[in-house]
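What follows is a single structure, written as structure tokens, with notes after it.
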Amino acid sequence: MLIDTNKCVACANCVPVCPMGAIYVDTTINRARINQDECVECGTCFRGMSQEHLNPTMVRTVRKLARLFRFRFEPEPDVCPTAAFVMNDLEMPRLVRQVFSDPVVEHKSTGIKGRGTEEVKTNDVNPRVDVGEVGYTIEFGRPGVGVRFRDIQEMTMSLADIGVQFEEKNPISHLMTDKSSGTLRDDILNEKILSGIVEIKTRLDQVERVLTTVEDVNRQIDTVTAVGISTRCDSEGEETHLAELLEELGYGAERAKTNMGLGRLTNMEAA
Ligand code: SF4
Ligand code: SF4
Numbered sequence: 049m050l051i052d053t054n055k056c057v058a059c060a061n062c063v064p065v066c067p068m069g070a071i072y073v074d075t076t077i078n079r080a081r082i083n084q085d086e087c088v089e090c091g092t093c094f095r096g097m098s099q100e101h102l103n104p105t106m107v108r109t110v111r112k113l114a115r116l117f118r119f120r121f122e123p124e125p126d127v128c129p130t131a132a133f134v135m136n137d138l139e140m141p142r143l144v145r146q147v148f149s150d151p152v153v154e155h156k157s158t159g160i161k162g163r164g165t166e167e168v169k170t171n172d173v174n175p176r177v178d179v180g181e182v183g184y185t186i187e188f189g190r191p192g193v194g195v196r197f198r199d200i201q202e203m204t205m206s207l208a209d210i211g212v213q214f215e216e217k218n219p220i221s222h223l224m225t226d227k228s229s230g231t232l233r234d235d236i237l238n239e240k241i242l243s244g245i246v247e248i249k250t251r252l253d254q255v256e257r258v259l260t261t262v263e264d265v266n267r268q269i270d271t272v273t274a275v276g277i278s279t280r281c282d283s284e285g286e287e288t289h290l291a292e293l294l295e296e297l298g299y300g301a302e303r304a305k306t307n308m309g310l311g312r313l314t315n316m317e318a319a
């Protein structure tokens, strides 16, 4: 994202809009600027504010005159008065920021807008995680912290070390050059995104190891993580192992949901 300095009138309305705190007013030139290293190309500033098309010279003159007479001329708080934001065309590796951060941009590897896959939300009709297996979503960067791929790689490499299976259709798996070691593409490691989700699965007996690994890596990386965990009910519609194990390990079920399988019957044993 860029700000057209010919148009910007330094009203600072956009500064609080940026979830990464990447926009600031540069007082040496009296224009707003974007810290390109911190900007995740989410598009919030571009789409989240109304764009007026006032003449920048006119607005600057009125603002200066207003200051002389000790009153202020400010646009409405949710408006960029001169439509100064410019959404520029991005190429790899920077493009990866937009793909993971802008909710209206489709991820080419999955065809889905957003950071995860449909599989994780539709396991009831798509038995990716089967009975006796455990699926995990490890989410980075939310709320409002962001994450660099370098930190995600710390996690994926540590998880690969303990033998987890990465979900093929996940956008982060798609960026791996070697799934057996959890290595990501070298050129994206310094890119920052709003948030990302790693999806893995293991057998039930590996749950403790996975959660310990996530906690250990989480202490070493410069972001925040949240773990979602799921399994599939047996042919009786029961789940008797995972919830008990999590409780033993000291994890309470803070939020939970049950998918009812109303879309397509795949658990033929239960039929
Ligand atoms: S809202 Fe628009 S005019 Fe105001 S500081 Fe931001 S970019 Fe500049
Ligand atoms: S695109 Fe997103 S991260 Fe970049 S400046 Fe705009 S709001 Fe901030």
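Everything in the sequence shown is counted per the working numbering, starting at 49 for the first residue and increasing by one.
Yeah, the Cβ is synthetic: ideal placement off N, Cα and C, and Gly gets one too.
Once you ignore the five residues that flank residue i on each side, which residues in its own chain have a CB closer than 6 Å to its CB?
i, result
"residue 91", "150"
"residue 145", "88, 89, 239, 241"
"residue 50", "134, 136"
"residue 108", "57"
"residue 197", "232, 236, 237, 239"
Going by beta carbon distance, what residues of the same chain come within less than 8 Å of residue i, once the five residues before and after it are set aside?
i, result
"residue 74", "80, 81"
"residue 255", "182, 277, 290, 293, 294, 297"
"residue 211", "250, 254"
"residue 268", "202"
"residue 200", "188, 220, 232, 244, 246"
I need the DSSP call for residue i, collapsed to helix, strand or coil.
i, result
"residue 153", "coil"
"residue 284", "coil"
"residue 319", "In this predicted model, residue 319 has a pLDDT of only 48, less than 50, meaning its place in the structure is not dependable enough to derive any value."
"residue 16", "Nothing can be reported for residue 16, as the shown portion of the chain is limited to 49 through 319."
"residue 292", "helix"
"residue 188", "strand"
"residue 121", "coil"
"residue 50", "strand"
"residue 147", "helix"
"residue 65", "helix"
Go through its chain and collect everything with a Cβ distance to residue i's Cβ below 7 Å, but skip five positions before and after it.
i, result
"residue 96", "65"
"residue 114", "120, 121"
"residue 281", "287"
"residue 93", "49, 62, 65, 66, 71, 133"
"residue 265", "202, 203, 206"
"residue 141", "235, 236, 239"
"residue 257", "210"
Measuring from the CB of residue i, is there a heavy atom of ligand 3 at a distance below 6 Å?
i, result
"residue 61", "Annotation note on ligand 3: not contained in the displayed structure, which lists ligand 1 and ligand 2 as its ligands."
Per the contact definition of three or more C-beta pairs closer than 8 Å, is the segment 223-242 in contact with the segment 112-126?
no
Mind listing, in chain order, the continuous alpha helix (DSSP H) runs of no fewer than 4 residues lying wholly within the segment 193-280?
197-209, 219-222, 255-268
Only counting runs of 3 or more residues, tell me where the beta strand (DSSP E) segments fall wholly within the segment 72-113, in order along the chain.
79-82
Would you check if there are 3 or more beta carbon pairs closer than 8 Å linking the segment 50-60 to the segment 126-133?
yes
Are at least three pairs of beta-carbons, each pair with one atom in the segment 181-196 and one in the segment 267-286, less than 8 Å apart?
yes
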